[in-house]
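In what follows, a structure is listed as structure tokens, so that the remarks can point back to it.
Residue numbers (this note's numbering): 2 to 290.
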């Protein structure tokens, strides 16, 4: 008689699976931490790269400005800087590296001297130049072309230079100009059309030029004008027609103009806040008090 077979069903323990499950969570967490750490490192590396590039560019521009200012002063130009910013340790940085690392060269003067094209081209490295004085600087239209890229320029003095109507085209993109002196230049009037885009212009000096009445039409579109000097230009009453839209005018100089007191009075009534200075009948017309 055969002995019955004893069948033993071995139950598989769940402990290894539990162990595997418990072990998987820390593994996943470690993977996530590693992934986030790598992302963080990549982000920090990218930020550091941007900062280093910015710093390198800043140092490069500062050094270029320092070299340019040195060259300008060698040829007799005067240079002024903006006030240093209120950074921490700015005084230490200035003493260690120089003023060019903490401030911008904002004003240059070439008065009473001849200026070559090469010297004017030096100004291209002064990206924050806001004022340029070329009074009696013996500059012509070719020289003026070197200034066309000075987009931050707000003040420009060209009195007693050889600038003509043709040269004025080089000013038409200097949109930040608020003060422009053109007295005693070789201007006859047609070139004034190039000033029409200068919508920020506040002060314009055209004294001792040969402009004619009809050439003032573009000037009448400069609605921001506050001070306008037309002394000794030989203008007549017709010129006032073009100036009627200038309601922001506070001072209008017309010494030497061929304009009657009646016409001046009529203009003054329509511009009550404007001081009109004229030698017609030795009379100065002021706004009513």
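Idealized CB from N, CA, C, for every residue including glycine.
Check, Outcome
"Stretch pair the segment 85-97 + the segment 142-150: three plus CB contacts closer than 8 Å", "no"
"Where the alpha helix (DSSP H) containing residue 243 begins and where it ends", "239-244"
"Nonlocal neighbours in the same chain, by C-beta distance under 6 Å from residue 104, ignoring five residues either side", "82, 83, 85"
"Opening and closing residue of the beta strand (DSSP E) in which residue 181 lies", "180-182"
"Burial state of residue 190, where buried means 16 or more other Cβ atoms lie within 10 Å", "buried"
"Whole-angstrom C-beta distance between residue 135 and residue 111, which should lie under 8 Å", "5 Å"
"Cα-Cα separation, residue 240 to residue 69", "44 Å"
"Endpoints, the beta strand (DSSP E) within which residue 1 is located", "Outside the displayed span of the chain (2 to 290) sits residue 1, for which this structure offers no information."
"Residues near residue 228 by beta carbon distance below 6 Å, same chain, minus five either side", "204, 252"
"Candidates 96, 93, 161: closest to residue 114 by CA position", "161"
"Alpha carbon of residue 133 to alpha carbon of residue 43, nearest angstrom", "46 Å"
"Residue 230 versus residue 262 - alpha carbon distance", "18 Å"
"Option in 246, 184, 171 with minimal Cα separation from residue 194", "171"
"Completely contained alpha helix (DSSP H) runs for the segment 103-181, where each covers 4 or more residues", "118-122, 142-146"
"Candidates 279, 224, 48, 232, of which the one nearest residue 185 by Cα", "232"
"Spatial neighbours of residue 259 in its chain, beta-carbon cut-off 8 Å, leaving aside the 5 residues before and after", "235, 236, 237, 238"
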